[in-house]
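Since the structure comes first, as structure tokens, the remarks are kept for the end.
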Amino acid sequence: MTQRDVVIRAIEGNNVPYVPWHCSFTAEAAEKLRAYYKSSEIDRMIGNHFLTLGDPIGFFTDIGENKFRDVFGVTWDRSVDRDIGVVSGCVLSEPTLTHYVFPDPCDERFFCGADKKIAEHDDLYRVFVIGFSLYERAWTLRGMENLMMDFYENPGFVHELLSAITDYNIAQIKRALTYNIDAVHFGDDWGQQQGLQMGPALWRTFILPQLRRMYSVVKAAGKHVSIHSCGDVDELFDDLVNIGLNLFNPFQPEVMDVFSLMKKYRGRLAFHGGLSTQKTLPWGSVADVRNETQRLLDAGRNGGYIFAPAHAVEGDVPLENMLAFIEMLQTQPGYERS
């Protein structure tokens, strides 16, 4: 059984020979691992189970002074955050798309080398990633405060903007589906430490209909739908399952009861994440990391779970804590490293 087979079994809620995993790391954390392994191939060294395709943001162009511009025209200041950055300025200063032109959703850079990568990693689960896929794309263009006001003051514009973003994504999804992929992953943060940023009523009015459109294209092709949303969003799980969601990430234990949710949704929704990146990994001992990892692995034995830290591991996490959970993953009974 390949790593891809194990992931598919886990997502579909079937028993697995071991709990599969896919872990990500920020630039600073990755530097620690590269130095330790004396290799730049972190995915291979730790045995990650996903092959990711596409681009999580939309290609950065260096414009100097630690600032970068994506294909949507948004400027990102990376003077502090080296991985993504902070939005600088406002592309849509007024609530209108009249003079805005969307980039090409089928830009070859999104698909460059996809066939070759899939052929070289045919044992991995193939995921095409669309980052900042809806709400996040909207606020990066319009500005967070402006978009929040637009929900009330310019609802027609919000529907138009989100529909245009969805059209862009669907065009990219249809191109991605011409490759031998297993899933499409959508990144889009809706939550905060307590509840949704925009509240459930606005989410269901503006966000849900566009998600349904995107997910339906993926489901019609027989592929899995995966999403990432930070924060306390478990009140949305039933809505998301109803429109075709298969896998939820990052599954934060600080804001949701991960173990009760795994039981409640087993067979209907799988989870990816769960190991605390706010508390245990940066502040806990090696023993704390091992204990929490073991609890998650035990809970995931019957499927419905893919192990990972509850977000990309940050640079403040000690190397020994990273190595602790990696070693436990690689020494699980039933796992044989290829």
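Going by this note's numbering, the sequence shown wraps up at 339, each residue one higher than the last.
Beta carbons: idealized from backbone N, C-alpha and C, even for Gly.
**Request:** Enumerate in chain order the residues of its own chain whose CB-to-CB distance from Phe-60 is below 7 Å, with the five nearest sequence positions on each side excluded.
**Result:** Along the sequence shown, read from residue 1 onward, the residue named residue 60 stands at position 59. Excluding residues within five positions, the ones whose Cβ falls inside 7 Å are Asp-71, Val-72 and Arg-110.
**Prompt:** My guess is that Ile-171 and Met-215 are in contact by the Cβ rule of under 8 Å, so how many angstroms apart are they, rounded?
**Reply:** Indexing the sequence shown from 1 puts residue 171 at position 170. Indexing the sequence shown from 1 puts residue 215 at position 214. That belief holds up - the Cβ atoms of Ile-171 and Met-215 are roughly 6 Å apart, short of 8 Å.
**Met-2 classed as buried or exposed, judged by whether at least 16 other C-beta atoms fall within 10 angstroms** = In the sequence shown, counting from the first residue as 1, residue 2 sits at position 1. It is exposed - the Cβ of Met-2 has fewer than 16 other Cβ atoms within 10 Å.
**Asked** Going along the chain, which unbroken runs of the beta strand (DSSP E) with 3 or more residues stay wholly within the stretch 243-318?
**Response** 248-250, 271-276 and 306-310
**Request:** Any chance you could list the alpha helix (DSSP H) runs of at least 4 consecutive residues sitting entirely within the stretch 206-235, in chain order?
**Result:** 209-221
**Request:** Pull up the distance between the alpha-carbon of Ala-11 and that of Glu-95, whole angstroms please.
**Result:** On the sequence shown, residue 11 is found 10 positions in, with the first residue counted as 1. On the sequence shown, residue 95 is found 94 positions in, with the first residue counted as 1. Rounded to the nearest angstrom, the two C-alpha atoms are 45 Å apart.
**Message:** Taking the alpha-carbon of Gly-268 as reference, which of Tyr-306, Leu-162 and Ser-164 has the nearest alpha-carbon?
**Reply:** For the purposes of this step, residue 268 is taken as residue 267 along the sequence shown, with counting starting at 1. Answer by Cα proximity: Tyr-306.
**Message:** Tyr-136 and Asp-84 - do their beta-carbons sit closer together than 8 Å?
**Reply:** Here residue 84 is taken as the residue at index 83 of the sequence shown, counted from 1. Here residue 136 is taken as the residue at index 135 of the sequence shown, counted from 1. No, they are not a contact pair.
**Three-way DSSP call (helix, strand, coil) for Trp-191 in this model** = Within the sequence shown, numbered from 1, the residue matching residue 191 stands at position 190. In the structure shown, Trp-191 sits in coil (DSSP, three-state: anything other than H, G, I, E or B).
**Message:** Can you check which of these residues, Ile-228, His-122, Phe-207 and Gly-65, is closest to Arg-45 by C-alpha distance?
**Reply:** Counted from its first residue, the sequence shown places residue 45 at position 44. Checked all of Ile-228, His-122, Phe-207 and Gly-65; the closest Cα to Arg-45 is His-122.
**Message:** So, under 8 Å CB-CB, Gly-274 and Gln-253 are touching, yes? Tell me the CB distance rounded to an integer number of Å.
**Reply:** The residue you call residue 274 lines up with position 273 of the sequence shown. The residue you call residue 253 lines up with position 252 of the sequence shown. That belief holds up - the Cβ atoms of Gly-274 and Gln-253 are roughly 7 Å apart, short of 8 Å.
**Nearest to Ala-309 (by Cα), restricted to the options Ser-277, Asn-67 and Gln-333** = Residue 309 sits at position 308 when you count from the first residue of the sequence shown. The shortest C-alpha separation from Ala-309 is found at Ser-277.
**Asked** Relative to the C-alpha of Ile-43, which residue among Lys-175, Leu-54 and Ala-31 is closest?
**Response** Locating residue 43 in the sequence shown gives position 42, where the first residue counts as 1. Taking only the C-alpha atoms, the option nearest Ile-43 is Ala-31.
**Item:** Residue environment, Thr-76, which counts as buried when at least 16 other CB atoms sit within 10 Å
**Value:** On the sequence shown, position 75 is the one that residue 76 refers to. By the 10 Å Cβ count, Thr-76 comes out buried.
**Message:** Does the stretch 326-336 come into contact with the stretch 18-28, if we say contact requires no fewer than three beta-carbon pairs (one atom in each stretch) closer than 8 Å?
**Reply:** yes
**Message:** Quick check: what's the CA-CA separation for Val-234 versus Leu-162?
**Reply:** Position 233 of the sequence shown holds residue 234. Position 161 of the sequence shown holds residue 162. Computed Cα separation, rounded: 23 Å.
**Prompt:** Three-state secondary structure (DSSP) at Arg-70?
**Reply:** If you number the sequence shown from 1, residue 70 lands on position 69. Three-state result, Arg-70: strand.
**Span separating the alpha-carbon of Ile-166 from that of Phe-187** = Along the sequence shown, one-based indexing puts residue 166 at 165. Along the sequence shown, one-based indexing puts residue 187 at 186. Spanning the two alpha carbons is a distance of roughly 13 Å.
**Message:** From the DSSP secondary-structure annotation, give me the bridge partner or partners of Leu-52.
**Reply:** To locate residue 52, count along the sequence shown from 1; it is residue 51. Its beta-bridge partners are Arg-127.
**Request:** Going by DSSP, name the residue or residues bridged to Gly-65.
**Result:** In the sequence shown, counting from the first residue as 1, residue 65 sits at position 64. Answer is Lys-68.
**Request:** Can you give me the start and stop residues for the beta strand (DSSP E) that Thr-76 sits inside?
**Result:** Looking up residue 76 in the sequence shown gives position 75. Its beta strand (DSSP E) spans residues 76-78.
**Request:** Go ahead and pull the three-state DSSP assignment for His-160.
**Result:** Position 159 of the sequence shown, counting from 1, holds the residue named residue 160. Here His-160 sits in helix by DSSP.
**Request:** Return the first residue and the last residue of the beta strand (DSSP E) that Val-88 is part of.
**Result:** Working through the sequence shown from its first residue, we reach residue 88 at position 87. That run of the beta strand (DSSP E) goes 87-89.
**Request:** Could you please give the first and the last residue of the uninterrupted alpha helix (DSSP H) stretch that includes Trp-204?
**Result:** Numbered from 1 along the sequence shown, position 203 holds the residue referred to as residue 204. Neither: Trp-204 is in no alpha helix (DSSP H) and is coded neither H nor E.
**Whole-Å CB distance - His-229 paired with Pro-201, under 8 Å assumed** = Along the sequence shown, one-based indexing puts residue 229 at 228. Along the sequence shown, one-based indexing puts residue 201 at 200. Going by Cβ atoms, the distance from His-229 to Pro-201 rounds to 19 Å, so no, they are not a contact pair.
**Cβ-based neighbour list, Asp-240, same chain, cut-off 8 Å, excluding 5 preceding and 5 following** = Mapped onto the sequence shown, residue 240 falls at position 239. Contacts found: Arg-205 and Leu-209.
**Asked** Closest to Tyr-37 by CA distance: which of Leu-262, Ile-64, Leu-324 and Val-102 is it?
**Response** The residue you call residue 37 lines up with position 36 of the sequence shown. Out of Leu-262, Ile-64, Leu-324 and Val-102, Leu-324 has the C-alpha closest to the C-alpha of Tyr-37.
**Item:** Among Glu-29, Thr-97, Gln-4 and Arg-138, nearest to Gln-211 - alpha-carbon criterion
**Value:** Position 210 of the sequence shown holds residue 211. Checked all of Glu-29, Thr-97, Gln-4 and Arg-138; the closest Cα to Gln-211 is Arg-138.
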